Each structure stands twice: as structure tokens, then as C-alpha cells.
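Protein chains in written order, with our numbering: chain U, 389 to 654; chain Y, 389 to 654; chain R, 5 to 314; chain A, 5 to 314.
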């Protein structure tokens, strides 16, 4: 058998509740919990409707190897996630994982800067835990469109992991919670105030492109977690391509989902 | 609007439990309850799985216009009925009905003979109630493959409706309950012992063909309730054809499901 | 709902109050749906079941199979009472639909050029209620004629050369799901006023226990949501090849499905299989289609025909 | 499970321990599935992703759309590292599969006759591990070449006339979903050892808000359970037209689906899209297929090839 091969696991739903406007919090029990690295994802199969055949690829917020539990957050955007939101505690299905290449620690010395947009927060929280465990200080920015969509509990977790020295800024596009404006504005300020060795970002493509540009202007290395429609999640179909600066394409599911922002053709 | 037009109704599941081996009892609450004539059917839509698009056409055992409830029995034979068996009390969907032409009262004077095979029992019970309400005496035969599949409660209802003067014979192909043998054997005996004005039959095609032949040999008029795969249930697609002795085809959903056995090309 | 968008379209001379039509063979002759909604007040047009000069029995049972992939297969084979029987049974009802603003398209079936001629002559004589005709040269379920009559540009043009001179009313041709650009051009050249596509796609469903077809015939026509994307592509290919209007057919079950057909180049859209499993879908689809058109900021839905950008 | 039925089949000289193969482009090059089951010990054969003489980037994103009707659409466009890169990366692994009894079919892609020639020559030189080749003349997702190379009997035969003389190993040709009888006969006549069908069916999925395709290309290939019945019919049509063996492809997700293909005339059966959404399906399908063959009371599954009765 291939050493780092993706495999299939059973999972049982332990919790599945609304976390914010259009966003749900899913807790599953599955053997995959012991195998996940921060920034990796899994492809969940939602049972019941044979007319929608693809799985739901989701990154995770945290995993507990002892309890064999994984916490995920997802936005209800289509038929698949709508049906996922209807799964109840005790229901079981299968998932494929652990998938892809996750976050890596900063190469250089110094603080890290985390930037999350909307439903990009869960993988950023996984990065925060990775950094905290490695004793690397970080500041963080969490943006949402509006107050109803702010994942307050998760931002509190982020603050806890950032510690006393870490700054965590919440902002909304419409100013209904935290600062008014895009994450890139807050990011610009932090970059002027503090030095960073590495930035970590996950969010809408346009946001990540902006974050990548800013980081690059300040000479800060930047990792981005990309999202794509996926057929399989493990490199079988080549459908989730990401255009590269060097030309050609990488596959989001196996070469990513985390990429060095400088390699991505935005 | 067309006077006797089929229409769509909401229904709510009030009960849905196993009644015998592979057979389930479904009780729904729906406005259709006040419109059903004995022997008619309805086409139930089972929600959830877009990969199986057709409804489930089911005849009914009884309807209560006051309570707006309808009692149905169905065999779990395919994906559609399997999903129907998973619907729980409180769940709602839509149905199309009342569909088709049901049983009619005997033209001549005299007793009626009812013959049911397996899941053919529910419409036969509807006929029994029709006859009892009209003060027409009847005897009945209910056959099953084996004891596990005998719908005891429903056969008791049949006996109650048949009254003191009515004979109700249960038989199984393997003799594990009631008499051993096919319904046609018991039918032959009754035809020799008593005179009948009309026979009513529902069951597997081969059984109904045998019943029709026997009735014909004894000069007894016979009504049969036919089963076909159906696309719509109300005459839109012409998929549920029944071959006629006169040549050509009738549609099971609108010309039937109840036919004069002598008109059917078995 | 009061519309802010003009929904009227012209399908080759058949002036429809809105783009919604019904696929022949999935809608009876309309009256079957009167219990679900007011047919004459709702549809832009109805396309009746295919009718031949003389009655046809159609194929033996079973004629239907459900497929696991969001589809069904049928092999009805144009069971019909012949033009005279059709007019006797449905003429008054269909005239009523027309009186209420719903166009009536009568479908012409035949096994041979001569049968197409006879049927067309009878319709001309007996069916004043017909707004126009649809010539079915693509039924996959009849032994002779049927799909064979529309298999090549030459054969298709031949049928038109017989039917065209016999009527001044608009003639739509129902096309099979292959070579739609080439055959569409031949049909336009031979005088078709409009094209409707696609007919069902031939398929097979085998009972692996008995090793026989699950239907009475070896092959039958696949329809339903499963074929929608294929149908939209064929409508687009055909629309790029002809100048006459197209009626898009294939797995339409929502306003979005109908909108795709229109963007791909369809002037009208027929609802087919969805009528069987969701008989109240037409009014819903109409509302959804109108809302989409409004959302697109046009004043006339004709602005959206073929508006697909690539 | 110990089989009482001989499951071995011969796909035009490619001797498979059982009829199960994989559809090119849905199975990576096998290694991606090693975490799910022992590929080399399970499959009769694997068909690798299409490879050209030189690396291809493939099409821009998005390359994938999910359709509501039990199907997906893709426009990958044969992204591949070229024969040299392919052999470097996967040669050892694929040789390992062969050593363990799983046949390895390498797929040849090209934009022109010359590119097919170059790719075949490189494979001949660099790929001793290849049990045989599949020539892809039906990719719907590349600008030049691709499906065009297999659009007519003449074009298809031309590709064979270039590839055939270059290798003594078995050559399978991957066919497009149209005119399969006619093109199949032309391919047999021009030396094909076997045929595989069907490739995806071109379709369109339009974002009705933006009026643009949901994929980067206007059209893309539809696959999944939705197309199974259509594929079975085409396999049957082709099997009735040729004497060389056929590999049936199209929406196979169960042993019953595979059994239908075999009854329709397929010697081997490829699992495609199901590998993506149900990556452990192949071993299950194999067990189901074997149980069915046992239940049919045959001692050799070859007795069931083309055993459809009508």
C-alpha cells in the first residue's frame, strides 16, 4: 500500500448546528481524527440523494485524536451542503481523507499573521493551533460580510490561541460588527506596525489575491488555502486545477489545498 | 376545470409500520380521503432522492372522510417503496389522486366472491366494505406465499365485514398458515358449493388470470384490479397499457385499474 | 404575478403568450392536467400526442422502466386513435384552449411518406383548432418510419417535401438527438418553420436475471433530468446552424432549466417528463422563468434567446 | 471470495483476470487508489490517463460541474506530463501492477496524426510495462484533434493506419458516443484489436445569472449514472456490428450495471465516474458481478457476453 495514501473512513455525526447566518458547525466522530494535519481536508459523502453524486470537500477547525472527533464549519451554498445541514446526530456515512497538503511552519524566525475571510476561518484556526503548539506568536484578522455571519465563538478560540501578546481583529464589510472594511485594510495596518515572517490566509479568491499581494509588497512569505470544485479529492480526476505563475496547473486536492501564494497565478 | 379531474393533495404520514414480512402499513392524513371510491388508487411522491423520479401508485384499504385519513398497505419491492418505508410520522409530501376507475357493484342479484393474493388484499378490503355497505353478502379467500406474509389483522377485518353468513378462507402456498395451496383451489370449492353473482380479485397477474378463468367457467362475472408500472397515474403518458381481448390496449391508470376480467387478454 | 417582462414569443408563426410548451406524449392532450391548473390560461402552447392517419395500438407492455440515474425509459410507440378519433375526442377541448389563448400544436406521426401525407391532409380537413403542426420524424419506438424518417438530412427533407405543400399553417419538426446541426439545416432549407429538439435518447435497460429487456422492446427512449445537459448542448448546436426558431426539449424541470434552453438559443421550451412525476410543475416553472427574466433586467424575454456568452 | 465461475476474459489480446477495467481519466494512474484497496490484486486491467508525446496543460478552471441529474460534467482536456514524464513518474508503479496480474493499458492522445505517431513511438520505446494501448480519438474537451479524430469512419481509420503499424501490442480504440456501429466497423477493418465505449457525452451547463458556461469551456463531457442506459444501448449496437471485443463504459456503479454491459456484448467493463464519488466501489462491483455470474449458472463469464435475449 502507498504510504501516505488517502483512504475511506466511516463517520458518525455528533453535532450539526447553525453557527451563524448560513454557516453550520459539524462535529463528527471518525478514525480520520488521528490522521489529520492542519490545513488538510476531507471529502464527506452525504447519503440519500443519488441525483447529486459528488462529495463535500471540507477543511477542518480542529481534531481530537483521543476522542476521535473532528470539528468542521461549512456554508450552506448548494444542494449538497443543504443536505449535509439536515444530517442529525447519530447518522453515519463515509468520508475520504486525510486529503491534500496542509499548512507548514514558517521558514524564518518571527511572528505569523493569520487572515480569514468568511468560511475561510476553520483552516485558519487549524493553523493557529499549529503555531501555538510550536510556540510561534501570531496576530489574526477575521473578516465577514456582516454581523450575522461572524463566528464569535471561533474568533474567541482564535484570541485564546493568540495569547496576551497576540492581536485579533474582527471586521465586517458593512461595519455591523468589529471594524468596517475588508481584511486587507486591517492587514495593511498590522504590516506597518509589526514584522512578520509568514502570513496564512484562507477566504474568497479575491481576498486571498489581495492578501498575497500585500504580503508580497512587505516581503512576507504567504501561504493560501485554495478552494475548488472537486470530483474526487485525491488526484484521480484532475478537475480541481490551480493556475501557476510558472505556467501550467497544479491540482488543488493533492498539490494543495495550501499553496505558496507566490506560485499561484491570481 | 374538468369535473372528475385528478388533482394533487398534500399528505402527512400518521403511521408507517411493518405489517408482515416485506409488507408495510401506511396511514396518511390527506384531503384525498373524502374523494376516494373503492378500488381507486393514488400516486404518492416520496421526497428526498432526485435519482428516482417516479411516484408510487398505491391502492388503499380504507378511507375515513371525517378524520381525513387513508390506510394503505404496500410491499417493499424496490428503491421507491424502500424509501417510502423510511418515511416517519409527521413527514409530509404530495400525492396525485383519486386515480382511476374502481370497483363497481354486482349487476345481478346474489353473493359476491372476493379473492386476494398477497399485497392484493387492500383493494379487496375496499371492495368488501363497499359490498357490506350495500348489504351484499360475500365470501372471501386471502392467499399468501407463507405464514410470515399473512396480513392477519386485515383478514380479521375481512371476516368482520363478511358477517356471520360469510366464509373467509386463508391459504398459503406452503401450508404454513391456513390451507395449503393456491387461492384458485379454494375458489373452485366455493364455486361448487355456492352461487355467486360477481367475483372481485386482486393479486399477482398469474393468479388473477386463474381466477378469471375459473369465474368464467362458472359463468360468474369477474372484476380484476390490475397492476402496472406507471409514469403518471392519470393518463398523460400511456405507459401502463393493458392488452384487451378486443385488440389494442387500455390504460391501467384511467380505464382501470379495475377491469371486467373478460375484457383482459391474459 | 404581474410581469414586468414581455414573455410573448413567436415559434415560427405560432404566437405564444409565453415560451412554455409541452413535450408530445408527456401531457396527454391537456385535459388530463385540468385538475392541477388551468391549462388554457397558463401555457403558451400545448403539443398534443402524436397522431397518425389511422389508429395505432402502440407497443406491448411493459412500456416503462425507471432508471436509477434521474431518468425513465419508455416505448409507448405512439398509441393513438387516428386523426378522426383524435378530433372527435379532443377537438372541442382543444378549440377551447385556443379560445383561451393557448396555442394548440398537433403532432403528425407516420410510418411512411404516404402516411405522413394522409395524416396531414386529414388534420388540414378536420382540425381547424390546430395553430400549427409538429412533424415527428424521431420516435425511437416504432418499427418502421419513426426515427428512420429523420435519421439523415435527405430523409428528413423528404418528409418536409411531402408535408410542407399540404398546409399553410406553421410546421415544426421534432428532431432526434443526433446530427442536429446538419439535419436542422436540411429541414430549414426544405421549409420547416421551426424545430423542436430533442426527442428521447435511445437506451437499454436489461433485467440481469432474465437477460431480457426490462421493457417489451430491446431499446427505448430515455428522458428526464439525466439528459438535460445533453439536450441544452444540442439546442445550442442547432441554434448556431439555423435561422428558424427552436423549441428546446429535454429534462426541463425548473425555471432555471428552461432559462438554460433559452440562453442556448431556444425560443420556446417544452416541459416533458417532469409533467408525469410533478404534474403541477408548469405554473411553477413559468413563475421561475419570469422571475429570472426580470432579474436579468430585460423588458422582453426575446432579448435572452441565444444570449449565452462564450 | 472463492469463485465458482471463471472470470478471466481476453480483450483483444489483453488477458484480464476479470472483466473490470477503469475508465481513463477517472482513476489517475492507479496509485491514487492504493489507500482504498490493493489495486494490483483486484482489477483485471487499469487504463491510465491519456498521455501525449509532449506535456499538455489541459484546460483552464473550472473544469467540473455537478449536474442535478445523477451526473457530472468535466473539461479537463487531457492534462498530462507527456510520455517521458509519465514513464518517469509511474513506470515503476505500473510495472508493479503488471507483475501482480493487473494488465496496464496506456492511453495515447494526440491533436494530429503526427502527434499520435510520436506518442505511440515513444510509448513503444519507453513503456515495456504496457500490456496494450488505448487510442483516444474521442476526447470532447480538446480544441483540435480529440473527438474530431474519431468523428467519421474515415478519420478514425486514418488514426489506426498511423498507430497500427507502430506496435505489435493490442490496440483498443476509445470511441465517441455516436455512429458506433459504422465507426466500429471501420476501426475493426483498420486493425483495432478491441473497442472501448462510450466516452463522455458532450453537454452544456449554463449559469443563468451570468449567461456563461459553468465550466471554462462552452461544452464539456457528461458522465455518471445518468448516461448508463444510453451507453449500454451503444455497446449493444456496436457489438452487433463488429467481431472484435468491446470494453463497455458508461455510468457503471454496481455489479448489475456491469452485468448489463456484458449481456449487451461487452467483454470487459470499465468503472469511471463512480471511482470519484465512491472510491471503494471496484472491489464491491467485482463481488457483485461474480455473484451474478454464479447465479446465472455458468462456469465461465464468457458465456454471458452478449447473452442479452430479444
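Idealized CB from N, CA, C, for every residue including glycine. Being a predicted model, the structure only gives us computed values, none of them experimental.
- Message: Just to confirm the assignment, what range does the alpha helix (DSSP H) spanning residue 129 (chain R) have?
- Response: As a position in the third chain, residue 129 (chain R) is number 125, starting the count at 1. Start and end: 117-130.
- Task: Using beta-carbon positions only, say whether residue 484 (chain U) and residue 620 (chain U) come within less than 9 Å of one another.
- Result: Translated into positions along the first chain, residue 484 (chain U) becomes position 96. Translated into positions along the first chain, residue 620 (chain U) becomes position 232. Taking 9 Å as the Cβ cut-off, residue 484 (chain U) and residue 620 (chain U) qualify as a contacting pair.
- Task: Quick one: measure Cβ to Cβ for residue 527 (chain Y) and residue 501 (chain Y), integer angstroms, because I've assumed they're closer than 8 Å.
- Result: On the second chain, position 139 is the one that residue 527 (chain Y) refers to. On the second chain, position 113 is the one that residue 501 (chain Y) refers to. Residue 527 (chain Y) to residue 501 (chain Y), Cβ: 6 Å. Contact.
- Message: Within 10 Å of its beta-carbon, does residue 659 (chain Y) have 16 or more other beta-carbons around it, so buried, or fewer, so exposed?
- Response: Past the edges of chain Y, shown from 389 to 654, lies residue 659 (chain Y), and the structure says nothing about it.
- Query: From residue 1 (chain R) to residue 508 (chain Y), what distance separates their C-alpha atoms?
  - Reply: The question about residue 1 (chain R) has no answer, for chain R in this structure spans 5 to 314.
- Item | CB contact flag (residue 102 (chain R), residue 133 (chain R), <9 Å) | One-based indexing of the third chain puts residue 102 (chain R) at position 98. One-based indexing of the third chain puts residue 133 (chain R) at position 129. For residue 102 (chain R) and residue 133 (chain R), yes; Cβs fall inside 9 Å.
- Message: Any beta carbon of chain C sitting closer than 9 Å to that of residue 527 (chain U)?
- Response: No chain C is part of this structure, whose protein chains are labelled U, Y, R and A.
- Message: Rounded to whole angstroms, what is the Cα-Cα separation between residue 107 (chain A) and residue 42 (chain A)?
- Response: Within the fourth chain, residue 107 (chain A) is the residue found at index 103, counting from 1. Within the fourth chain, residue 42 (chain A) is the residue found at index 38, counting from 1. In a straight line, the C-alpha of residue 107 (chain A) is about 14 Å away from that of residue 42 (chain A).
- Anything in chain R within Cβ reach of residue 394 (chain Y), meaning under 7 Å, just list it in chain order. Taking the second chain and counting its residues from 1, one reaches residue 394 (chain Y) at position 6. By Cβ distance, chain R contributes 39.
- Query: For a contact meaning CB atoms closer than 7 Å, what does residue 626 (chain Y) contact in chain U?
  - Reply: As a position in the second chain, residue 626 (chain Y) is number 238, starting the count at 1. Here the premise fails: no neighbours, minimum Cβ distance about 26 Å.
- Paired residues, beta bridge with residue 19 (chain R) - DSSP: The residue given as residue 19 (chain R) occupies position 15 in the third chain. Answer by DSSP bridge pairing, in chain order: R:14.
- Please determine, among A:34, A:143, A:126 and A:192, the residue with the shortest C-alpha to C-alpha distance to residue 170 (chain A). Position 166 of the fourth chain holds residue 170 (chain A). Here the closest residue by C-alpha is A:126.
- Query: Which one of Y:551, Y:578, Y:553 and Y:595 has the shortest CA to CA distance from residue 561 (chain Y)?
  - Reply: As a position in the second chain, residue 561 (chain Y) is number 173, starting the count at 1. Looking at Y:551, Y:578, Y:553 and Y:595, the one whose alpha-carbon comes closest to that of residue 561 (chain Y) is Y:595.
- Pick helix, strand or coil for residue 454 (chain U), following the three-state DSSP scheme. Here residue 454 (chain U) corresponds to residue number 66 of the first chain, with the count starting at 1. For residue 454 (chain U), the three-state secondary structure derived from DSSP is coil.
- So, is the C-beta of residue 439 (chain Y) closer than 9 Å to a C-beta in chain U? Position 51 of the second chain holds residue 439 (chain Y). Closer than 9 Å to some Cβ of chain U, the Cβ of residue 439 (chain Y) qualifies, so yes.
- Message: Quick test of your reading: residue 77 (chain A) and residue 233 (chain R), contact by CB under 8 Å. State the CB separation rounded to the nearest angstrom.
- Response: As a position in the fourth chain, residue 77 (chain A) is number 73, starting the count at 1. As a position in the third chain, residue 233 (chain R) is number 229, starting the count at 1. Contact flag correct, Cβ pair sits at about 6 Å.
- Query: Listing by chain order, which chain U residues have their CB less than 7 Å from the CB of residue 436 (chain Y)?
  - Reply: Counting from one through the second chain, the residue named residue 436 (chain Y) turns up at place 48. 436 and 437, listed in chain order.
- Query: Closest by CA to residue 131 (chain R), which one among R:87, R:143, R:153 and R:117?
  - Reply: In the third chain, the residue the question calls residue 131 (chain R) occupies position 127. Nearest C-alpha to residue 131 (chain R) among R:87, R:143, R:153 and R:117: R:87.
- What residue ranges within the segment 258-290 of chain R form continuous alpha helix (DSSP H) runs of no fewer than 4 residues, ordered along the chain? With a minimum length of 4 residues, the continuous alpha helix (DSSP H) runs that stay inside the segment 258-290 of chain R are 259-268 and 278-281.
- Item | Option nearest residue 512 (chain U) by Cα separation, candidates U:523, U:535 and U:545 | Locating residue 512 (chain U) in the first chain gives position 124, where the first residue counts as 1. It is U:545.
- Task: Could you tell me whether the Cβ atoms of residue 202 (chain R) and residue 184 (chain R) are closer together than 9 Å?
- Result: As a position in the third chain, residue 202 (chain R) is number 198, starting the count at 1. As a position in the third chain, residue 184 (chain R) is number 180, starting the count at 1. Yes, the Cβ-Cβ distance between residue 202 (chain R) and residue 184 (chain R) is below 9 Å.
- Enumerate, from N- to C-terminal direction, the unbroken beta strand (DSSP E) stretches of 3 or more residues contained entirely within the segment 507-566 of chain Y. The beta strand (DSSP E) runs of length 3 or more contained entirely in the segment 507-566 of chain Y are, from start to end of the chain, 526-532 and 556-560.
- Query: Relative to the C-alpha of residue 230 (chain A), which residue among R:207, R:241, R:8 and R:138 is closest?
  - Reply: Here residue 230 (chain A) corresponds to residue number 226 of the fourth chain, with the count starting at 1. Of the listed residues, the one whose Cα sits closest to residue 230 (chain A) is R:207.
- Message: Buried or exposed, going by whether 16 or more other CB atoms sit within 10 Å of the CB of residue 276 (chain A)?
- Response: Position 272 of the fourth chain holds residue 276 (chain A). Per the 10 Å Cβ criterion, buried.
- Item | N- and C-terminal bounds of the alpha helix (DSSP H) containing residue 242 (chain A) | Residue 242 (chain A) sits at position 238 when you count from the first residue of the fourth chain. Where residue 242 (chain A) is concerned, the enclosing alpha helix (DSSP H) stretches over 232-243.
- Message: Using the three-state DSSP reduction, which class does residue 644 (chain Y) fall into: helix, strand or coil?
- Response: Along the second chain, read from residue 1 onward, the residue named residue 644 (chain Y) stands at position 256. Residue state, collapsed to three classes: coil.
- Given that a residue counts as buried once 16 or more other Cβ atoms are within 10 Å of its Cβ, and exposed if not, what is residue 304 (chain A)? On the fourth chain, residue 304 (chain A) is found 300 positions in, with the first residue counted as 1. Under this definition residue 304 (chain A) is an exposed residue.
- Message: So if DSSP puts residue 3 (chain R) in a beta bridge, which residue, or which two residues, is it bridged to?
- Response: Residue 3 (chain R) cannot be examined here, being either before or after the span of chain R that is shown, 5 to 314.
- Task: Since I believe residue 49 (chain A) is in contact with residue 25 (chain A) (beta carbons under 8 Å), could you give me their beta-carbon distance rounded to a whole number of angstroms?
- Result: Start at 1 with the first residue of the fourth chain, and residue 25 (chain A) comes out as number 21. Start at 1 with the first residue of the fourth chain, and residue 49 (chain A) comes out as number 45. Their Cβ separation, rounded to whole angstroms, is 4 Å, which keeps residue 25 (chain A) and residue 49 (chain A) in contact under 8 Å.
- Which residues in the same chain as residue 495 (chain Y) place their Cβ atom closer than 8 Å to its Cβ, once the five residues preceding and following it in sequence are excluded? If you number the second chain from 1, residue 495 (chain Y) lands on position 107. Once the five neighbours on either side are set aside, the close Cβ partners of residue 495 (chain Y) are 585, 586 and 609.
- 4 or more residues per run - each alpha helix (DSSP H) lying fully within the segment 135-200 of chain A: Here the runs fully enclosed are 157-167 and 184-193.
- Task: Provide the residue(s) that pair with residue 110 (chain R) in DSSP beta bridges, ordered along the chain.
- Result: Taking the first residue of the third chain as 1, we reach residue 110 (chain R) at position 106. Looking at the DSSP output, residue 110 (chain R) sits in a beta bridge with R:137.
- Would you decide whether residue 540 (chain Y) is buried or exposed? Buried here means 16 or more other CB atoms lie within 10 Å of its CB. One-based indexing of the second chain puts residue 540 (chain Y) at position 152. Result: exposed.
- Message: Please tell me whether residue 251 (chain A) and residue 270 (chain A) are closer than 9 Å, where the distance is taken between their beta carbons.
- Response: Reading the fourth chain from its first residue, position 247 is the one you call residue 251 (chain A). Reading the fourth chain from its first residue, position 266 is the one you call residue 270 (chain A). Cβ distance < 9 Å, so residue 251 (chain A) and residue 270 (chain A) count as in contact.
- Task: Rank R:178, R:265, R:138 and R:257 by C-alpha distance to the C-alpha of residue 217 (chain A) and give the top, closest one.
- Result: Counting from 1 along the fourth chain, the entry for residue 217 (chain A) is found at position 213. The candidate whose alpha carbon is nearest that of residue 217 (chain A) is R:265.
- Item | 8 Å contact criterion, which residue 176 (chain R) and residue 137 (chain R) should meet: CB distance rounded | As a position in the third chain, residue 176 (chain R) is number 172, starting the count at 1. As a position in the third chain, residue 137 (chain R) is number 133, starting the count at 1. Your pair residue 176 (chain R) and residue 137 (chain R) checks out as a contact, with CB atoms roughly 7 Å apart and the cut at 8 Å.
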